[in-house]
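Student: Before I ask anything, let me first share the structure, which is written out below as structure tokens.
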Amino acid sequence: MEVNDEKAISWIEVKKILMKKEKEKELGYEQKNALEHLRKFCKIPESKAEKIVEELKKIEKLKDKHIVNILNFLPENLDDVRILFANERVVLTDEDKKKILKTVKDNR
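In my numbering, the protein residues as written are 5 to 112.
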């Protein structure tokens, strides 16, 4: 198998894909477990997720993979944001971190 492209996608998108496949055919063991996990822990509606993504794209320093991580984990405080970016080479100002938190809190 050859990989042509790599793209980070959110848990919401994965859940949507797996639910669609579940209707078409029986899922494999790993897929069933993943979907069960996502049904338990991925509670944000797709419409709110889209709003969060739109707002986060306005922060120029954030790449798609950063936005997906924020959307997946929905940080609740500055420490959560720091943890998400601990191993990244992106340097966020305190203002950027506060914008991220405000965006997540306003669209929960």
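Ideal placement from N, C-alpha and C gives every residue a C-beta, glycine not left out.
How far does the alpha helix (DSSP H) with Phe45 in it reach, from first residue to last?
Tutor: Locating residue 45 in the sequence shown gives position 41, where the first residue counts as 1. Segment 33 to 45, the alpha helix (DSSP H) holding Phe45.
Student: State yes or no: is the C-beta of Leu96 within less than 7 Å of the C-beta of Asn73?
Tutor: The count along the sequence shown starts at 1 and reaches residue 96 at position 92. The count along the sequence shown starts at 1 and reaches residue 73 at position 69. No, these two residues do not count as a Cβ contact at 7 Å.
Student: Taking the continuous alpha helix (DSSP H) assigned at Arg86, which residues delimit it?
Tutor: Within the sequence shown, residue 86 is the residue found at index 82, counting from 1. It spans 82 to 88 - the alpha helix (DSSP H) in which Arg86 sits, taken as one unbroken run.
Student: Pull up the distance between the alpha-carbon of Arg93 and that of Arg112, whole angstroms please.
Tutor: On the sequence shown, position 89 is the one that residue 93 refers to. On the sequence shown, position 108 is the one that residue 112 refers to. Straight-line Cα distance between these residues: approximately 27 Å.
Student: Can you tell which of Glu17, Glu99, Cys46 has its C-alpha closest to the C-alpha of Leu82?
Tutor: The sequence position of residue 82 within the sequence shown is 78, counting from 1. Per the Cα distances, Glu99.
Student: Quick test of your reading: Leu31 and Leu42, contact by CB under 8 Å. State the CB separation rounded to the nearest angstrom.
Tutor: Locating residue 31 in the sequence shown gives position 27, counting from the first residue. Locating residue 42 in the sequence shown gives position 38, counting from the first residue. Contact flag wrong, Cβ pair sits at about 12 Å.
Student: Out of Asn76, Ile16, Asn91, point me to the one whose CA is closest to Leu39's CA.
Tutor: The residue you call residue 39 lines up with position 35 of the sequence shown. Selected option, being the one with the closest Cα: Ile16.
Student: Return the chain-ordered list of same chain residues with a C-beta closer than 7 Å to the C-beta of Lys103, the five sequence neighbours on each side being excluded.
Tutor: Within the sequence shown, numbered from 1, the residue matching residue 103 stands at position 99. If we look at Lys103 and ignore the five residues flanking it on each side, its Cβ neighbours are Ile63.
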